[in-house]
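The next block holds one structure in the form of structure tokens; read it before the comments.
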Amino acid sequence: MSVRILFVCSGNICRSPLGAQVLRARLGAAAPSFVVESAGTIADDGAAMDGAAAEQSVRLGGDPSAHASRYLTPAIVDGADLVLTAERSHRAAAVQLAPRASKRTFTIKQFARVLEGLEPGDLADVTTPQSLVERVARLRGTVPPPADPADDDVDDPYRRSTATHERVADEIDRALTIIADALRAVA
């Protein structure tokens with residue numbers, strides 16, 4: 025049975041499709057074990073990916089060609105085993121739509137930060153992606169938060185410079201490399 029991972033941002037044309045495409049690339053041979061999707065809190069259904077974000081996806085090994093944006097709904101959130109959002113506001117929006125998803129909803133950078141902050145034995149008996157998400161949720165309070173809570177957010181690069189798009193893509197890629205390593209280990 026496939027594990028469903030959902031990325032959420034605002035318009036579903038920059039950060040969330042980039043995250044989904046880069047995670048697929050980072051999962052490598054384990055990718056078929058996962059359904060990786062994206063949606064946006066204010067998305068227009070069917071929009072193509074932003075050109076600058078698509079360029080970054082390709083640079084990082086992603087494939088933006090089939091992307092079509094979609095509006096985030098309670099059913100989409102409910103169907104996900106792990107929800108990774110660009111910002112804390114997106115996390116709040118997803119949880120508002122589907123309150124039971126609160127334990128499996130994180131910002132991208134938060135999930136990676138908690139994974140990095142765990143002790144080696146914290147994941148010793150974790151054997152599935154779902155149990156990994158449960159463990160990270162249970163232990164998220166044991167890992168110190170960033171000094172500035174906004175450090176868990178990924179800036180919106182929409183209509184900004186190529187340098188901003190590249191910085192944002194690299195931030196997402198750094199976090200997703202950590203996440204993909206953990207998911208592959210239990211897939």
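Numbering (the numbering used here), first residue to last: 25 to 211. All residues carry an ideal CB built from backbone N, CA and C; glycine is no exception. Note that the structure is predicted; figures quoted are calculated from it, not measured.
Distance between beta carbons of residue j and residue i, contact taken as under 8 Å
i    : j    : result
M73  : I132 : Rounded, the Cβ-Cβ distance is 17 Å, inconsistent with contact.
V210 : L142 : So it is not a contact: roughly 13 Å between Cβ atoms.
Host beta strand (DSSP E) of residue i (start-end)
i   : result
S40 : It is not in any beta strand (DSSP E) - S40 instead sits in the alpha helix (DSSP H) that spans 39-51.
G64 : 58-64
L28 : Rather than Leu, the amino acid found at residue 28 in this sequence is Arg. From DSSP, the beta strand (DSSP E) with R28 extends over 27-33.
Same chain, Cβ closer than 7 Å to residue i, neighbours up to 5 away in sequence not counted
i   : result
R50 : L200, T201, A204
K26 : For the record, residue 26 in the displayed sequence is Ser; it is not Lys. Result list for S26: S57, F58, V59, in chain order.
P88 : P41, Q45, M73, A78, S81, V82
A55 : R48
8 Å Cβ shell around residue i - same chain, five flanking residues per side excluded
i    : result
I173 : Here residue 173 is Pro; the residue named in the question, Ile, does not match the sequence. Contacts found: R112.
E125 : It is worth fixing the name first, because residue 125 is Ala in this sequence and not Glu. Cβ within range, chain order: V101, D102, A104, V107, A118, V119.
E61  : R28, I29, L30, F31, A44, I100, A104
H114 : V32, C33, S34, T65, T131
Residue-level contact to chain C via CB, residue i, 8 Å cutoff
i    : result
H189 : Absence of chain C from the displayed structure is noted, only one protein chain being present.
Nearest candidate by alpha-carbon position, reference residue i, set the options
i    : options               : result
A206 : Q154, H189, L30       : Q154
T186 : E79, I29, A161        : E79
A67  : A118, R94, R191       : R94
D69  : L147, S34, A53, R191  : S34
I196 : A63, L108, I29        : L108
R198 : H91, L84, V160        : L84
F135 : R184, V167, A92, T152 : V167
P170 : E140, L147, A63, A71  : E140
A71  : G86, G52, H91, A53    : H91
L96  : P123, A63, A161, A116 : A63
Contact set for residue i: own chain, Cβ-Cβ below 6 Å, skip 5 residues either direction
i    : result
L121 : P98, V101
R164 : V138
L106 : I29, R128, V157
A110 : C33, R39, V178
A76  : H189
D180 : none
Limits of the unbroken alpha helix (DSSP H) element including residue i
i    : result
G75  : 75-83
D197 : 186-210
#### Entry: Sequence ranges, beta strand (DSSP E) only - wholly within the segment 89-167, length at least 3
Taken in chain order, the complete beta strand (DSSP E) segments of 3 residues or longer contained in the segment 89-167 are 106-109, 129-131.
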